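Colleague: Protein sequence lines, in the order shown, are assigned to chains A and B.
Taking our numbering, the leading residue of the first sequence gets 55, the next gets one more, and so forth.
Taking our numbering, the leading residue of the second sequence gets -11, the next gets one more, and so forth.
We put the CB at the ideal spot given by N, CA and C, even for glycine.
Since the model is a prediction, treat every value here as computed from it, not as a measurement.
The following block contains the structure, expressed as structure tokens.
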Amino acid sequence: MNLWREVMLVAGKDLRIEARSRVTLYQVLPFGLIVVLLFAFALDPSRGVLARVAPGLFWVAVLLAALLAVSRSFQVETENAARDGLRLSGLDPAAVFLGKAGAIAVQLAVLEVALGAGVAFLYDVELRSVGLLVAAAVAATAGVAATGTLYGVLAAGLRVRETLVPLLLLPVVAPVMLGATRAWEAGLGRAASDGWPWVALLALFATLYTSIGMLAFGSLLEEA
Amino acid sequence: MPLVVRLRSAVCLLGRFPALAGVDLDVEAGEVVLLSGANGSGKTTLLRVLAGLHPLHSGTGVVLGHDLSIDRRGARRAIGLLGHETGCYDDLTVRENLRFAARAAGSDAAASDAVLERVGLSAQGDVAHGRLSAGQRRRLALAVALARNPRLLLLDEPHAGLDAAGRAVLDDVVAAAPSEDRTVLLASHELDRTRALAGREVVLAGGVARFGVAEPPTSQTSAAKAEEEEVRAG
């Protein structure tokens, strides 16, 4: 079986599990929407603050929700010693990494669409440069999914997994937070051209962590 | 007959504890070998070392031609392991779990349906793993191991949790292994049942194989005595 078939096999397995358990739909998505809603209550909408800080709040909500998605992705491998099954499967570790990251990215993409709609409605922002916003979201999602998968497997075998993943992941994805916020500020404003260098930075980050993940995931899975 | 397993002075540490403290073991292709010994004697660790799930900390090990100290993953595609847990996903059905394992190992989906029939789980094909009884989970774990069409089948307390019909299925699988070009190592405390299935018995005590290479037990009595000594020694 070639690499991409193995990637699709793993991603399909994770997405099927997610479709059955509906954790993203019933827990992660409501969590993200509550975060967006709380910001709306906390910051006075009448003074235009929300519209100005909407990109940052959106990406903070996405990152917090991503922590839940990453933890869930490795929790299913812990139950019934499924991780041993995965190790014994004979699948290429790089394919397992790409498959799990791909499944997390799909869940995050669904989440971003829902949270984006929530932000546009609650924060009264206008989506001007859709192409830039989508490109930044794709690159940022790939980066978060890749780093989440890498640090998720690192903490997978530990009892402190739930608290360790945020501690490891949030500092590492700070550049994604920064780049995606700047790109979205440009996309929501009138200077879209200012946003593309940030998209390039996000793409570089995603490429870097995807490459590291493909190389290191096998060893980390063995040691987890 | 070619050797499927060859261990020399194999040591595996779990933390600082030497779970295997210098095991020598040869297993030829088509053999059915029983691993016996008291709790904590290293049976499970030995099976996990052979499956490449635990590392060798010293000594040498070759499984299906792959050197364990260099390439632990190499032989995995040709190994089936029935461990204490199923290694399956609660939210996937029996058939989905089985097909995932089969496709990952390069087998086709049709073969996995045949295995489902063989272990008597056809009627539960669309039931989620999380809703199976303990015995049905055990059968599924056996099916997953077989769906990979392994050349080396590692069974850890395989009869535990199975009903009479399930035990009969398992016994058939083990008995048919040599004719299916399959080698079996099974660790068990149910010695009366498994001695009848095995061609040879290796007794583990304190992480060491007593009758591994040069001196296979010739009677049930010698193995039983060794186990009794182990139990008395604590």
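Quick one: list the residues of chain A neighbouring A39/B, beta-carbon separation under 9 Å, in chain order.
Modeller: Against the second sequence, residue 39/B aligns to sequence position 51. Under the 9 Å cutoff, chain A gives D138, R141, L142.
Colleague: Roughly how many angstroms separate the alpha carbons of S127/A and A184/B, rounded to a whole number?
Modeller: To locate residue 127/A, count along the first sequence from 1; it is residue 73. To locate residue 184/B, count along the second sequence from 1; it is residue 196. Roughly 44 Å between the two C-alpha positions.
Colleague: Output yes if chain A places a C-beta closer than 7 Å to the C-beta of E189/B; else output no.
Modeller: Position 201 of the second sequence, counted from the first residue, corresponds to residue 189/B. With 7 Å as the cut-off, E189/B does not count as an interface residue toward chain A.
Colleague: I'd like to know if the region -1 to 15 of chain B and the region 261 to 277 of chain A are in contact, where contact means that at least 3 CB-CB pairs between them fall below 8 Å.
Modeller: no
Colleague: According to DSSP, which residues form a beta bridge with L128/B?
Modeller: To locate residue 128/B, count along the second sequence from 1; it is residue 140. None, per the DSSP bridge assignment.
Colleague: Return the chain-ordered list of same chain residues with a C-beta closer than 8 Å to the C-beta of E216/A, the five sequence neighbours on each side being excluded.
Modeller: In the first sequence, the residue the question calls residue 216/A occupies position 162. S125.
Colleague: Identify every residue that forms a DSSP beta bridge with A175/B.
Modeller: The count along the second sequence starts at 1 and reaches residue 175/B at position 187. Answer by DSSP bridge pairing, in chain order: L23/B, D144/B.
Colleague: Please confirm whether Y205/A and L104/A have their CB atoms less than 7 Å apart.
Modeller: Sequence index remark: in the first sequence, residue 205/A carries index 151 (1-based). Sequence index remark: in the first sequence, residue 104/A carries index 50 (1-based). No.
Colleague: Reducing DSSP to helix, strand and coil, say where P225/A ends up.
Modeller: For this step, residue 225/A is matched to residue 171 along the first sequence. Helix, per DSSP.
Colleague: Give me the subset of the region 71 to 88 of chain B whose CB atoms are less than 8 Å from a CB atom of chain A, sorted by chain position.
Modeller: The region 71 to 88 of chain B vs chain A, Cβ under 8 Å: G71, H72, E73, T74, G75, C76, Y77, D78, D79, L80, E84, F88.
Colleague: Could you say which of A171/A, Q129/A, A240/A lies nearest to K154/A if we only look at CA atoms?
Modeller: On the first sequence, residue 154/A is found 100 positions in, with the first residue counted as 1. Of the candidates A171/A, Q129/A, A240/A, the one whose C-alpha sits nearest the C-alpha of K154/A is Q129/A.
Colleague: Tell me the residue span of the beta strand (DSSP E) that contains I58/B.
Modeller: The residue given as residue 58/B occupies position 70 in the second sequence. I58/B -> no beta strand (DSSP E), and no H or E assigned at all.
Colleague: I'd like the span of the alpha helix (DSSP H) that includes A191/A, first residue to last.
Modeller: Translated into the one-based positions of the first sequence, residue 191/A becomes position 137. A191/A -> alpha helix (DSSP H) spans 184 to 208.
Colleague: Applying a beta-carbon distance threshold of less than 9 Å, which residues of chain B neighbour V130/A?
Modeller: Against the first sequence, residue 130/A aligns to sequence position 76. By Cβ distance, chain B contributes Y77, D78, D79.
Colleague: Taking 7 Å as the CB-CB limit, is A92/B close to chain A?
Modeller: Counting from one through the second sequence, the residue named residue 92/B turns up at place 104. So, interface residue.
Colleague: Any idea what DSSP makes of D146/A, helix, strand or coil?
Modeller: For the purposes of this step, residue 146/A is taken as residue 92 along the first sequence, with counting starting at 1. If DSSP states are grouped into helix, strand and coil, D146/A belongs with coil.
Colleague: Quick one: any contact between the region 70 to 90 of chain A and the region 112 to 125 of chain A, if contact means 3 or more CB pairs under 8 Å?
Modeller: Contact check between the region 70 to 90 of chain A and the region 112 to 125 of chain A: three or more CB pairs, one atom from each, fall below 8 Å, which counts as touching.
Colleague: Using 7 Å as the limit for Cβ to Cβ distance, is E216/B near chain A?
Modeller: By one-based count along the second sequence, residue 216/B stands at place 228. Bear in mind that a pLDDT of 48 at E216/B, under 50, signals an unreliable position, so the number given afterwards is only what the model happens to contain. Chain A, which has no Cβ nearer than 7 Å to the Cβ of E216/B, makes this no.
Colleague: Given a threshold of 16 other Cβ atoms within 10 Å of its Cβ, counted over all protein chains shown, does A153/B qualify as buried or as exposed?
Modeller: Here residue 153/B refers to the residue found at position 165 when the second sequence is read from its first residue. Per the 10 Å Cβ criterion, exposed.
Colleague: Quick one, which of L152/A, L145/A, E131/A, L63/A has its alpha-carbon nearest D79/B's?
Modeller: Against the second sequence, residue 79/B aligns to sequence position 91. Closest option to D79/B, Cα to Cα, is E131/A.
Colleague: Which residue comes first and which comes last in the alpha helix (DSSP H) that contains T81/B?
Modeller: Here residue 81/B refers to the residue found at position 93 of the second sequence. Taken as a continuous stretch (DSSP letters only), T81/B belongs to no alpha helix (DSSP H), as it is neither H nor E.
Colleague: I'd like to confirm the pairing. Which residues does DSSP put opposite S5/B in its beta bridges?
Modeller: Numbered from its first residue, the second sequence carries residue 5/B at position 17. As written in the sequence, residue 5/B is Phe, which differs from the Ser given in the question. In DSSP, F5/B forms a bridge with L2/B.
Colleague: Nearest-angstrom Cα distance between R4/B and L56/B?
Modeller: By one-based count along the second sequence, residue 4/B stands at place 16. By one-based count along the second sequence, residue 56/B stands at place 68. Cα to Cα, R4/B sits roughly 20 Å from L56/B.
Colleague: Report the three-state DSSP secondary structure of V173/A (helix, strand or coil).
Modeller: In the first sequence, residue 173/A corresponds to position 119, counting from 1. Helix.
Colleague: Using a Cβ cut-off of 7 Å (strictly closer), state whether R74/A contacts chain B.
Modeller: For the purposes of this step, residue 74/A is taken as residue 20 along the first sequence, with counting starting at 1. So yes, R74/A belongs to the interface.
Colleague: By the DSSP assignment, the alpha helix (DSSP H) with A39/B in it spans what residues?
Modeller: One-based indexing of the second sequence puts residue 39/B at position 51. No alpha helix (DSSP H) holds A39/B; DSSP gives it neither H nor E.
Colleague: Going by beta carbon distance, what residues of the same chain come within less than 8 Å of R141/A, once the five residues before and after it are set aside?
Modeller: As a position in the first sequence, residue 141/A is number 87, starting the count at 1. Same-chain partners within the cutoff: L275, E276.
Colleague: Under a three-way DSSP split, which group does L(-5)/B fall into?
Modeller: Numbered from its first residue, the second sequence carries residue -5/B at position 7. Correct three-state label for L(-5)/B: strand.
Colleague: Which same chain residues, not among the five before or five after G156/A, have their C-beta less than 6 Å away from its C-beta?
Modeller: Indexing the first sequence from 1 puts residue 156/A at position 102. Answer for G156/A: A65, listed in chain order.
Colleague: Would the region 129 to 141 of chain B and the region 57 to 74 of chain B be scored as touching if the rule is three or more Cβ pairs under 8 Å?
Modeller: A contact exists between the region 129 to 141 of chain B and the region 57 to 74 of chain B.
Colleague: Tell me which same chain residues have a C-beta within less than 8 Å of the C-beta of L134/B, skipping the five on either side of it?
Modeller: Your numbering for residue 134/B matches position 146 in the second sequence. Excluding sequence neighbours, L134/B sits near G68, V103, R106, V107, L141, V161.
Colleague: Hey, V191/B and G47/B are a contact pair by Cβ (cut 8 Å); roughly how many whole angstroms apart?
Modeller: Reading the second sequence from its first residue, position 203 is the one you call residue 191/B. Reading the second sequence from its first residue, position 59 is the one you call residue 47/B. Taking a contact as a CB-CB distance under 8 Å, the pair V191/B and G47/B does not count as one, their CB atoms being some 19 Å apart.
Colleague: Residue range of the alpha helix (DSSP H) that V124/A falls in?
Modeller: Working through the first sequence from its first residue, we reach residue 124/A at position 70. Bounds of the alpha helix (DSSP H) holding V124/A are 103 to 132.
Colleague: Quick one: is A135/A near chain B, going by C-beta distance under 7 Å?
Modeller: Looking up residue 135/A in the first sequence gives position 81. True, the Cβ-Cβ gap to chain B drops below 7 Å.
Colleague: When you compare the region 115 to 128 of chain B with the region 168 to 184 of chain B, are there three or more beta-carbon pairs, one atom per stretch, that lie closer than 8 Å?
Modeller: The region 115 to 128 of chain B makes no contact with the region 168 to 184 of chain B; the number of CB pairs closer than 8 Å stays below 3.
Colleague: Work out the CA separation of L262/A and L269/A for me, nearest whole Å.
Modeller: As a first step, residue 269/A is located in the first sequence; it is residue number 215 there, counting from the start. As a first step, residue 262/A is located in the first sequence; it is residue number 208 there, counting from the start. One C-alpha to the other measures close to 11 Å.
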